[in-house]
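Notes to accompany the following structure.
There are 2 protein chains.
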Amino acid sequence: MTAGTKGVARADREAQIIEVACRAFGDNGYAATSVSDVADAAGISKPLIYNYFGSKDGLHAVCVEHAAAVLWSEFERSTASGTVGLARAVLTLDGMFRALAPQRWIWRLVFDPTAPAEGVSRDALAAYEGKLFTLGEDGVKELMRLAGNTDPDDVSAMHAVWESMFRSLVGWWLDHSEVSPEAMTQRCIRLFSTVFGDLDALAITPGGDPASDAPASAG
Amino acid sequence: MTAGTKGVARADREAQIIEVACRAFGDNGYAATSVSDVADAAGISKPLIYNYFGSKDGLHAVCVEHAAAVLWSEFERSTASGTVGLARAVLTLDGMFRALAPQRWIWRLVFDPTAPAEGVSRDALAAYEGKLFTLGEDGVKELMRLAGNTDPDDVSAMHAVWESMFRSLVGWWLDHSEVSPEAMTQRCIRLFSTVFGDLDALAITPGGDPASDAPASAG
DNA sequence: CTGATATGACTCGTGAGTAAGTTACCACGC
DNA sequence: GCGTGGTAACTTACTCACGAGTCATATCAG
Numbered sequence: 000m001t002a003g004t005k006g007v008a009r010a011d012r013e014a015q016i017i018e019v020a021c022r023a024f025g026d027n028g029y030a031a032t033s034v035s036d037v038a039d040a041a042g043i044s045k046p047l048i049y050n051y052f053g054s055k056d057g058l059h060a061v062c063v064e065h066a067a068a069v070l071w072s073e074f075e076r077s078t079a080s081g082t083v084g085l086a087r088a089v090l091t092l093d094g095m096f097r098a099l100a101p102q103r104w105i106w107r108l109v110f111d112p113t114a115p116a117e118g119v120s121r122d123a124l125a126a127y128e129g130k131l132f133t134l135g136e137d138g139v140k141e142l143m144r145l146a147g148n149t150d151p152d153d154v155s156a157m158h159a160v161w162e163s164m165f166r167s168l169v170g171w172w173l174d175h176s177e178v179s180p181e182a183m184t185q186r187c188i189r190l191f192s193t194v195f196g197d198l199d200a201l202a203i204t205p206g207g208d209p210a211s212d213a214p215a216s217a218g
Numbered sequence: 000m001t002a003g004t005k006g007v008a009r010a011d012r013e014a015q016i017i018e019v020a021c022r023a024f025g026d027n028g029y030a031a032t033s034v035s036d037v038a039d040a041a042g043i044s045k046p047l048i049y050n051y052f053g054s055k056d057g058l059h060a061v062c063v064e065h066a067a068a069v070l071w072s073e074f075e076r077s078t079a080s081g082t083v084g085l086a087r088a089v090l091t092l093d094g095m096f097r098a099l100a101p102q103r104w105i106w107r108l109v110f111d112p113t114a115p116a117e118g119v120s121r122d123a124l125a126a127y128e129g130k131l132f133t134l135g136e137d138g139v140k141e142l143m144r145l146a147g148n149t150d151p152d153d154v155s156a157m158h159a160v161w162e163s164m165f166r167s168l169v170g171w172w173l174d175h176s177e178v179s180p181e182a183m184t185q186r187c188i189r190l191f192s193t194v195f196g197d198l199d200a201l202a203i204t205p206g207g208d209p210a211s212d213a214p215a216s217a218g
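These protein sequence lines are chains A and B, in that order.
Using numbering that gives the first Met the number 0, the final residue of the first sequence is 218, and nothing's skipped along the way.
Using numbering that gives the first Met the number 0, the final residue of the second sequence is 218, and nothing's skipped along the way.
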């Protein structure tokens, strides 16, 4: 390919690179993705990426920022619904399935075990994780307070269990690409019913406006 | 260091290298551990490792085999106890905490997200995971059958949730090194009680001979 | 003296990051 | 309308570090 501009403005090119890089990092993980891979997939050369993003870590940070924003806005949406307990859990899962459906790689990009342990992208991720941690721990703490357990370590461990349960449900869904978000939400409701007994309170309105129907509460 | 034998028999040296390598792989992960690291930690040189284990992957395979055997024997022990449901879960967790206490790196060695995606060590790990998967899925299937749900995908998803819950509890404990196995088992019982209601049936005898006391069942 | 135990010093591939050069767009003077 | 210089966009071809794996060689036990 000859050198020289192709008439693509920097902002456009950056957006294109980010799009491609998010897919690459999400599908293959940070460690298994080389900058050359991203450059090839985007149809450009490696130095252009370094020119625009400074480093592999810098590129990753931008991707993480983008992906985390998607997830976070979804979490905030279900937080704002005012539901609590299992109803809120189902609502959050449902929203996550719908948000991820057109861009499933987002999830693995954020929860990538091969992501760098330090640097700007680690900082971006840590900031997001911190917000998410607080949100989740507050919810768990409140529910456990209602159940009569206020031990901080118990709350911490329960929070870890809750997060891992959430992640495993999303992970299972990502591994079963033929399952629609709607079907997966129904599956989650069935599973919760199996574990916690019948939940008539879970007649939620997944996907719709959170306030359009009287939301149920559980706890 | 001068060359020449130091009077250490091959079997002894191999055992020593495995010991050191298990720690290194477990603590830092496969990807972040170089063969030179292991050699340095063992006080020997890199070619000796290649002479005895063939490759980094070969060394890792032996470590995985060793670690998986520890975990597997513990799982078999609680399976043989004859308990089911939550009682079995608690029993298994308790056994795992006790087995892991003197060698915590074993866990992360087996569940290392940076482990190679192919090769002998991958094969060894896959064999272990296959056995574990069957064991777990059978248990989950049986419990769900009792609850009236036999949908294969529901069972599969529930199994994923169960495994992740188990892993997160062990993971939480590994992150809180000051907590004793006994205290952690009690914490698990408290958490299960919080979620599932009071479980008088969970007056198990953790750590003792599984058959010495009438074990309770739950489902 | 033979073979097992052991090592220093290499090769080689890979991937991050860079230097230096090439081409097209665009504002400006005329 | 039309050269023309400046700058933004873009590439080829490199350096460099690091880690897996190898080779030739050295030393000691029996």
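The beta-carbon is built from N, C-alpha and C at its ideal position, and this holds for glycine as well.
As the structure is a prediction and not an experimental result, all values here were calculated from the model.
With a threshold of 16 other beta carbon atoms within 10 Å, residue 55 of chain B meets it and is buried.
From the listed residues A:139, A:23 and A:96, the smallest Cα separation to residue 173 of chain A is found for A:96.
Residue-level contact check: residue 163 of chain A touches chain B, since one or more beta carbons of chain B fall below 8 angstroms from its beta carbon.
For residue 95 of chain B, the closest Cβ of chain A is not nearer than 8 angstroms. For residue 139 of chain B, the enclosing alpha helix (DSSP H) starts and ends at 119-145. Taking all protein chains shown into account, residue 1 of chain A has fewer than 16 neighbouring C-beta atoms within 10 Å of its C-beta and is therefore exposed. Contact of residue 30 of chain B with chain A is assigned, a C-beta pair being separated by under 8 angstroms. With fewer than 16 neighbouring CB atoms inside 10 Å of its own CB, residue 132 of chain B falls in the exposed class. For the segment 52-132 of chain B, the full-length alpha helix (DSSP H) segments reaching 4 residues or more read 55-79, 84-99 and 104-109 along the chain. Residue 101 of chain A counts as exposed, since fewer than 16 other beta carbons sit within 10 angstroms of its beta carbon. Around the beta carbon of residue 156 of chain A, 16 or more other beta carbons sit within 10 angstroms, so the residue counts as buried. Within chain B, the residues placing a beta-carbon under 9 angstroms from that of residue 170 of chain A are 159 and 163, ordered along the chain. Here residue 98 of chain A really is in contact with residue 73 of chain A; their C-beta atoms are around 5 angstroms apart, less than 8 angstroms.
Pairing residue 123 of chain A with residue 60 of chain A gives a Cβ-Cβ distance under 8 angstroms. Assignment of residue 11 of chain B by DSSP, reduced to helix, strand and coil, places it in the helix class.
At a cut-off of 8 angstroms between beta carbons, residue 137 of chain B makes no contact with chain A. Residues of chain A whose Cβ lies closer than 9 angstroms to the Cβ of residue 193 of chain B are, in chain order, 142, 143, 146, 147, 148, 153 and 157. At a cut-off of 8 angstroms between beta-carbon atoms, residue 180 of chain A makes no contact with chain B.
A Cβ-Cβ distance of about 6 angstroms is found for the pair residue 143 of chain A and residue 154 of chain A, placing them in contact under the 8 angstroms criterion. When Cβ-Cβ separations below 8 angstroms define contact, residue 113 of chain B makes contact with chain A.
Separation of the CB atoms of residue 92 of chain A and residue 190 of chain A is rounded to 10 angstroms, and the pair is thereby denied contact status at 8 angstroms. Neighbours of residue 186 of chain A in chain B, taken as residues at a C-beta separation under 9 angstroms, are given in chain order as 150, 152, 153 and 156. Under the three-state reduction of DSSP, residue 184 of chain B is assigned to helix. Under the Cβ criterion (8 angstroms, minimum of three pairs), the segment 13-32 of chain B counts as touching the segment 103-114 of chain B.
Contact annotation: residue 63 of chain A and residue 7 of chain A have beta-carbon atoms that are not nearer than 8 angstroms. Across the structure, residue 15 of chain A and residue 79 of chain A are spaced so that their CA atoms are roughly 33 angstroms apart.
Under the DSSP assignment, residue 170 of chain A falls in the alpha helix (DSSP H) whose first and last residues are 151-173. Residue 162 of chain B sits close to residue 135 of chain B, with the two beta carbons spaced by under 8 angstroms. Using a CB distance cut-off of 8 angstroms, residue 167 of chain A counts as an interface residue toward chain B.
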